[in-house]
Amino acid sequence: RKFDVTSNITLLKYISELFQKVILKSGDVLASWALLEHPYKQFLLHAESIGVQYPEKLSTLELTEKLRKADAKLLLRAYDELDFWRVDEFAYYRPVVEAKSDEAYVTKDPRKAWETGLQCVSELSAAKMKVLIFICLAIIHGSYCVDDYVSVSCNYGYVKGKVVHGNEKPYEAFYSIPYAKPPVGPLRFSNPVPCDSWKNAYDATYPRSECLQKIYYGNTPYVKGDEDCLYLSVYRPCNRKPHEKLPVIVYFGFGAFTNSYTSPENLSPDYFMDTERVIVVVVQSRLGPFGYLSSGDTHCLGNFGLKDQRLALQWVSDNIEAFQGDCDCVTLMGAGSGAISAVYHWLNDDTSQFFQKIILKSGNFLYHGAVLEDPYEQFLDHAKLIGVQYPEKLSTLELTEKLRKADAKLLLSATDMLPYWKKFEYYRLVVEANCNEAYVTKDPRTAWVSGHFEPKPLYVTFTQNDGNVRAGVLLDKHLRKHFNLNVEKNLPDALDIDPKNFPDVKHFYFKDGDCKITDYNIWTYLDIFTTRYFEQSLYNTVKCYVRNVNTQKYPLSIDKFNFNGPCHFTKVFTGYDVNLGTGFCDDLLYLFRFPSLFTDFDYKSVDYQVKNIYVDTHINFAVTGWPNQWSHLATCDNLYFQKYGFCEYQEFGNQTQYVNRAFYSIPYAKPPVGPLRFSSPVPCDPWEKAYDATYPRSECLQKVYYGAYSYIKGDEDCLYLSIYRPCNRKPHEKLPVIVYFGFGAFATDYTSPDNLSPDYFMDTERVIVVVVQSRLGVFGYLSSGDTHCSGNFGLKDQRLALQWVNSNIGAFQGDCDCVTLMGAGSGAASAVYHWLNHDTSIVEAKSDEAYVTKDPRKAWETGCFEPKALYITFAQNDGNVRAGLLLNKQQRPYFNLNVDKHLAEVLDLDPKYIRSVKDYYFYSELSKMKVLIFICLAIIHGSFCVNDYVSVSCNYGYVKGKVVNGNEKPYEAFYSIPYAKPPVGPLRFCNPVPCDAWKNAYDATYPRSECLQKVYNGGNSYVRGDEDCLYLSVYRPCNRKPHEKLPVIVYFGFGAFTNSYTSPENLSPDYFMDTERVIVVVVQSRLGPFGYLSSGDTHCLGNFGLKDQRLALQWVKENIGAFQGDCDCVTLMGAGTGAISAVYHWLNHDTSRK
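Residue numbers for the sequence shown follow the numbering used here, so the first one is 637 and each next one is one higher.
Okay, structure coming up:
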C-alpha cells in the first residue's frame, strides 16, 4: 500500500536489455555497512601502507599515481592490523558513492533508491524477519513444513501433529486422534460413544496402542494392544496448494476381525504421501470378542467393531476439511476383513453417504460363512471361559455384566482350544436384534444380491494365491500331522462346507483319493483355499454388481496382483520364509510401507517401479473413479459377464509383463523350412485360437564368431516380431511406432528379450516398439545369381514384417501413419534399402519375386528416393567391432605375416592403394591399435571428430572451448574469456577498458588466474590470484536444439568485495548443465583495494569491481547470442556481496537494460 508507483515505473522502464530477472542469494543490500561512507580515510591508509608519509599533504591525483605503481601484495596488507572480527564481518572494502563525472557509475546512494519502493519493509525490525517469512510462506502455500510440528483446528479443538521424513518426501502425521470414548468398563460390549472436545491442544505427535488382540500367525501366539484404542491417524502431504481440497482414502485393515496391522510401525502411508495427491486416514476399531461377541439379543448386540468404523467415517466427514481433505471425495479402502466391513457400510444407507468410492482388496463377504448364524452359543462359551457355571441358566443381561468385568486377556483365550484352521473364522459379523441401536438388522448378503445399495464406482483386487493366509497348516509339520489324523473330517471343517458335499470336492481335486497334506500337494491345497475363500466370493460379488449397476456410469475396475516380488506376507502368516507366490494382501506391500515387517524396496529395483504405478492406479481411482491406465479394458456389464463368464481385468504380473505390455514372438510368416528354405517368405495363416505371445520363441539360426569362441544358436523357424507397449495409455490414443532391425553383419543378431529389452522406451510411456527377427547368414542372403535362389531372403522377411505392422499395429493402439524405422549396423543398411523401395543387399536377377533389381547405392547417390526425416547416429569408436584382430594375440602374428595383403582385405581396398594408406597413417608397426581403429572409423564414417574441443565465433573472433564430462552429462566450457584489458600499470584504479579483437582463435580450453586477493581463513592468511583477471567463463550444454536460444544466468560470487570463489576448481556449473536448459556465465571482477579503493574524488573514483561487472554484462549482451544464449532472457544472480552488486546494477538504468 505504501509502494511509490511513480518512481518505480520510471525504474522498471529500463529493466529490459542486459538482464531481465534477478536472483539475490544471502545479499544484505540494505545493511548499514553495505556502502562506505568515508572512502578518503581508507584511501590515505593505503597510501601509508606503501610508505607515503603525510599522505594528506599530497593531492589524490599524486597519491593515485603512487598507488598504481606500488607492489600489489603490499596493498593487500592494508587491513592486516585490523581486528579479525572486522575482516570476518567483511566490512572493509565496499562500494562508494562516487564523485560526479562522466565515468562515475554510482552517484547516489542506491539504498535510498531501493527504499523508495520498499518503505513498508524497511520499517520492520530484524527480529520480525523470520515471522514475516513464515507468514509469507503460509500465505503462498497454505501451510509449510518449516518446523517438526504442525497444528490443525478441527471441530474437537486443536490437533498437534508432526512432520515425518517419509520415503521420498516429508509429510504431516497426526497420530491416534480419538474419535470415541475408550470402550472400557461399562462401555465394553457397548456401541461407541463420540469423544468430548479437548480443552487443550491434542498431542497427536506419537501413536497410541493398537486394539487388544491375540496373534496366532507365526509359530508363537502372543497378546498385544489395549482396549483403549478407538483412534484414527491422518496423514497429509507437506506440499499442498492453498485452499486445495485433496481426495481422501480411509483404510480398514485385514485380520479376520481378530487382528490388525494399523500402527505406524506396521503400516506407513509413505508411498501415497510421495505423490502429494491424497490424504490417508487409517482407522483402528475393536477386534475379537471386544468387537464382535454377541448375545443374539439387545443386551450385547455385537458388531461393535463395525460401529466403531461407522463413527470414524462420520468423524472424517465432519472434520477432514480442517486437514484440507475433500469430504465429497472420500474413497473407502478395505483389505480382507476390512473389505468385508467396507461393503457392510456401503449397504447401510446412513453410513454410505460418508464415502463416494470403494476399493475391496481380497475381501470375501459373499462367502456363505461370513455371517455367524448362532452367536448365542459363542456367547455362552465365553461365559464358561471366565468361570461361569451353567451360563445358560443366567439371563444374557447378567452374563453381559459378568463379561464386562472379566479379565480382558482371559477373554482373548477363547480361541486357544480351537484347531488352527478354525481360529480365523471364529469371530464374524452377526445379524443384530432389531432395536434403535442395531446396525446390521438384515443379512447384508441378501441386500447385495438384490441390488439394495447406492451405486458407487468399485475397484476390486485379488492376488494369485490369496489362500496362502491359511498355509500355516500346510507348512508346519505338527499342524499338518494333526490335520492328517482325521483329514476326512478336518478338510470339510477347514473349508466350512457340508460334509455330504465333500466327496465331490475330494474327487475333483484329489484324483487318487488321498487328500492328506504332503509336500507334493501343497499347491493343490493353496488352490482349494484360494477358490473357496476368495475366488468364489469374488465371482459372486462381480456378478451381482454388474447385474444391478450401470457400469458405464459407475465403472467396475478389477486387478489381479501377481507380481512375485522379494517380500510376502506368507512369512507373517505362517512363520516360514517360503515363497508360495503372490498371496493374500501382498499387493499392500506396494501401497504401504510395513517398517517392522519388511525391508524397503531398492529405489532402482523393478519393485519400486511397480510400487509407483500401483499407487498411482489407486490414487487415479480415488480422484476419478477409474484407474486411468486401464482404458484398453472392455467395459463389463451384465451382457458381457453372461457372454464371457467374467470381466476383463488388469494383471500385474512379472517384471516384463508389468513394466510394459509385451507380446512376444508373433509370427508374421510361415516357418521358412523344407521347401520354403531359400524362398521368399509366405504370410502366415490366421490363428484358430488365441495366439500365446506371453513367452519368446527361438532366435534365427546363426553362427556367432564374436569373442574367443564360435558357437551356434537359434532355429530356422524364427520369423517372429515382438511388440511392446506401455501399460499407461490414454483411451483411443494412437502411439508412434518404432520398428527395430538389429546389427550383426547380416550373420548374427541380438533381438531376443534376454539380449534386448525396450524398458527404457517403455519408461517414457510415449511409444510402441516392434523388434523384428529375420533370416541370417546363409539362410538369409545366399544367392545363385539367378531366379532359382534369388537371395535377400532376410530383407524380404523384413519387408513382410513391415507390411504386417502396417496392417495390424492399429489393434495395439499404434499409429500406422507414424512409423519410424530404426536399424543398427547391418540393420541400418537394411533400413535404407527398404527406404529406396527397390529393395536391397545384392542385386537380384529380375523376376516377380525379386526385391532388389538395381544397385541401391546408385539410387541413393542420385536421390531416387522419397524424402523422409532422417536421424543418423555414430559412436566414438565404431571400429571396435573389428578390434578382435587387435586384441587376439593368436590372430595378430598371422595378420602381420603378410600385412599389406591382409590390410587391403580387412579394409576392402584395391591393393594398389595400400602404399598410400601406409604412408598416411603408419609411422611404426601395425600393433598401434589406435591407428587401425581410426582407419576403420574413416572407412565407416568418412570423417570423424576425434578431439574434445569446440569453437564459437563471437564479435571478438573465434573462441576455442572444450567438452567437460560434468556430473551427469557433458557440457561445453569456454574458460576465462577476456572482456577487458588487463587492469595493470596505468589501468590500475581506472575504469575497465574493453579488450581488442583477437587475431587468432582465443584458447579458452583452460582457466586463467583469479583476481588478486588476500584470503583470511581462520587464523591463517594467504595471497592468491593476479591483477590480470578480467575474464568470464561461459558454460553451455552439449545437447542443444539447432537455433534454440537458451536462457542465460550470469553469476557474481560472494566474498565481501575482498575474496571470490569463481575458478572452475572452486565453482563448477555441473548441476545447471545436467538440466540442459540454461547457459551459465561466471564473471571475475577486481577485488579488495584494486576493486573498491576510492579517493572520494575523480582521481580514484572507486567501484572498479562494480564497473568490471557492468562491462562483463555488456559483453554478454553483445556476444552471448553466438553461444546460442538469449540476450533477452538474462538472469543476474548474485550471492552475498554479489547480490549487493546485482542490485546496484539493477538500480543503474544503463546497466539494467543489459
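Glycine residues also receive a C-beta, built at the ideal position from the N, C-alpha and C atoms.
As the structure is a prediction and not an experimental result, all values here were calculated from the model.
CB contact flag (residue i, residue j, <8 Å)
i, j, result
"Tyr1304", "Leu1233", "no"
"Gly861", "Leu848", "yes"
"Asn939", "Tyr1075", "yes"
"Leu1371", "Gln1449", "yes"
"Ser953", "Cys963", "yes"
"Pro1317", "Asp1433", "yes"
"Gly932", "Gly941", "no"
"Leu1047", "Phe825", "no"
"Leu1392", "Val1407", "yes"
"Ile915", "Gly974", "no"
"Val800", "Tyr807", "yes"
"Glu692", "Asn1627", "no"
Among the options, nearest to residue i - alpha-carbon criterion
i, options, result
"Phe586", "Val1066, Tyr1012, Gly1350", "Missing from the structure shown is residue 586; the chain here goes from 637 to 1790 and no further."
"Pro1394", "Ile1374, Gly1380, Leu1412, Phe1382", "Ile1374"
"Arg1361", "Tyr1396, Pro1093, Lys1339, Tyr1386", "Tyr1396"
"Gly1757", "Phe1429, Ile1776, Gly1772, Val1717", "Val1717"
"His1088", "Gly1350, Val1185, Phe1146, Asn1274", "Val1185"
"Thr1210", "Gln1245, Leu1110, Leu947, Phe810", "Leu1110"
"Leu1707", "Arg1672, Gly1727, Asp1733, Lys1677", "It is Tyr, not Leu, that sits at residue 1707 in the sequence shown. Minimum Cα distance to Tyr1707 is reached at Arg1672."
"Ile1022", "Gly1621, Leu1008, Glu1037", "Glu1037"
"Tyr785", "Lys805, Leu1747, Val1178, Phe810", "Phe810"
"Asn902", "Glu957, Leu937, Leu923, Ser845", "Ser845"
Neighbour-count burial assignment, residue i, 16 or more Cβ in a 10 Å radius
i, result
"Val829", "exposed"
"Ser1443", "exposed"
"Arg1551", "exposed"
"Lys1402", "As written in the sequence, residue 1402 is Arg, which differs from the Lys given in the question. Exposed, because fewer than 16 other Cβ atoms sit within 10 Å of the Cβ of Arg1402."
"Lys1247", "buried"
"Gly1738", "buried"
"Arg1493", "exposed"
"His1424", "exposed"
"Lys1059", "buried"
"Trp1323", "exposed"
"Ile1348", "exposed"
"Trp1057", "buried"
"Asn1695", "buried"
"Val859", "exposed"
"Lys850", "buried"
Nearest-angstrom Cβ-Cβ length linking residue i and residue j, presumed shorter than 8 Å
i, j, result
"Cys1631", "Gln1720", "About 14 Å separates the two Cβ atoms, so there is no contact after all."
"Pro746", "Leu1783", "5 Å"
"Ala971", "Ser998", "6 Å"
"Phe1625", "Leu1723", "Contact flag wrong, Cβ pair sits at about 13 Å."
"Leu710", "Val1659", "Rounded, the Cβ-Cβ distance is 11 Å, inconsistent with contact."
"Val1684", "Asp1584", "With a Cβ gap of about 24 Å, Val1684 and Asp1584 do not count as contacting."
"Arg1229", "Ser869", "Contact flag wrong, Cβ pair sits at about 14 Å."
"Thr1166", "Asp1102", "5 Å"
"Pro731", "Tyr1780", "6 Å"
"Leu1418", "Gly1430", "About 10 Å separates the two Cβ atoms, so there is no contact after all."
Assigned secondary structure, residue i (DSSP; H/G/I helix, E/B strand, else coil)
i, result
"Ala921", "A quick correction: the sequence has Ser, not Ala, at residue 921. In the structure shown, Ser921 sits in coil (DSSP, three-state: anything other than H, G, I, E or B)."
"Asn984", "coil"
"Asn1101", "strand"
"Gln1799", "Because the chain in this structure spans residues 637 to 1790, residue 1799 falls outside the shown range and cannot be described."
"Gln1409", "coil"
"Thr1166", "helix"
"Met1053", "coil"
"Glu1754", "helix"
"Asn1784", "coil"
"Leu1573", "Annotation note: pLDDT 43 at Leu1573 (below 50); position unreliable, no value reported."
"Leu660", "strand"
heavy atom of the ligand SAH below 7 Å from residue i C-beta
i, result
"Asn1444", "Absent from the structure shown: the ligand SAH. Ligands present: none."
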